[in-house]
Amino acid sequence: MAMDEYKTITNKVSEGYYTEKRSKFLAFAHHVTNSDEVKEIVDAYRKKYYDARHVCYAYMLGAERLEFRANDDGEPSSTAGKPILGQINSNELTDILIVVIRYYGGVNLGTGGLIVAYKTAAAEAIASAEIETRQVEETVTYSFSYPMMNSVMRVVKEMSPRIVSQDFDNTCTITLSIRKSLAHELRERLSKLSF
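For the sequence shown, the positions run 1 to 195 when this note's numbering is used.
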């Protein structure tokens with residue numbers, strides 16, 4: 001995979017399910033972009049499944065996959081959040097939150113059993129998700145005089161960045177978002193424009 005690409009899931013929430021010795025594990029995978037979203041979603045599950053014993057989760061954020069967290073929510077250390085995070089890692093996903101809700105079935109599963117259960121429920125949620133490859137984009141803002149409009153728009157047409165905003169007044173400003181590996185070329189081409 002190119003350095004300026006990453007894999008994530010679509011905005012459609014996907015689900016997974018696993019049951020072992022009457023314990024039920026409900027898994028939900030969400031596309032997220034920041035830790036505030038993560039907190040809101042986890043809190044919503046805690047309210048909705050208030051009668052569940054554990055609401056465990058893991059998430060990974062950012063194209064570089066540097067921001068992540070795993071939470072065992074009272075399960076023995078590293079038996080819930082870590083196996084969930086492991087599934088996110090083995091699928092090389094980011095901008096994803098997986099929440100696994102456990103209803104205790106009255107029989108202890110032991111650490112090995114718990115790891116398998118959380119890992120499998122998370123894997124099921126990922127398996128039913130729509131995975132897509134996205135590009136890491138960089139924003140380029142360029143100011144120019146109105147007579148340069150045609151030259152600027154020609155570069156935009158040829159390189160096809162996404163137009164984030166544009167303001168055409170005495171001084172025109174355009175903000176473009178383009179694949180990171182092409183940002184340098186876009187800046188160069190714009191800076192070489194002459195009136």
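By construction, the Cβ of each residue, glycine as well, lies at the ideal position given by its N, Cα and C atoms.
DSSP on residue i, reduced to helix/strand/coil?
| i | result |
| --- | --- |
| K192 | coil |
| T120 | helix |
| L97 | strand |
| L109 | coil |
| L66 | coil |
| K7 | strand |
| N71 | strand |
| E92 | coil |
| R102 | strand |
| S181 | helix |
| S35 | helix |
| V55 | strand |
| D169 | coil |
Since residue i and residue j should fall inside the 8 angstroms C-beta cutoff, what is the C-beta to C-beta distance between them, to a whole number of angstroms?
| i | j | result |
| --- | --- | --- |
| Q87 | I126 | 6 angstroms |
| K21 | G110 | Not confirmed; about 10 angstroms, so no contact. |
| A29 | I98 | 5 angstroms |
| R65 | A58 | With 8 angstroms as the limit, R65 and A58 do not qualify as a contact, their Cβ atoms being about 12 angstroms apart. |
| P161 | L193 | The pair is not a contact, with the Cβ atoms about 15 angstroms apart (cut-off 8 angstroms). |
Do residue i and residue j have their C-beta atoms closer together than 7 angstroms?
| i | j | result |
| --- | --- | --- |
| Y17 | A52 | no |
| A123 | F25 | no |
| Y118 | I96 | no |
Taking buried to mean at least 16 other C-beta atoms within 10 Å of its own C-beta, is residue i buried or exposed?
| i | result |
| --- | --- |
| G81 | buried |
| H270 | This structure gives no information on residue 270, because the portion of the chain shown stretches from 1 to 195. |
| K47 | exposed |
| I9 | buried |
Quiz item: In chain order, which alpha helix (DSSP H) runs of at least 4 residues are fully inside the stretch 122-164?
Solution: 149-159
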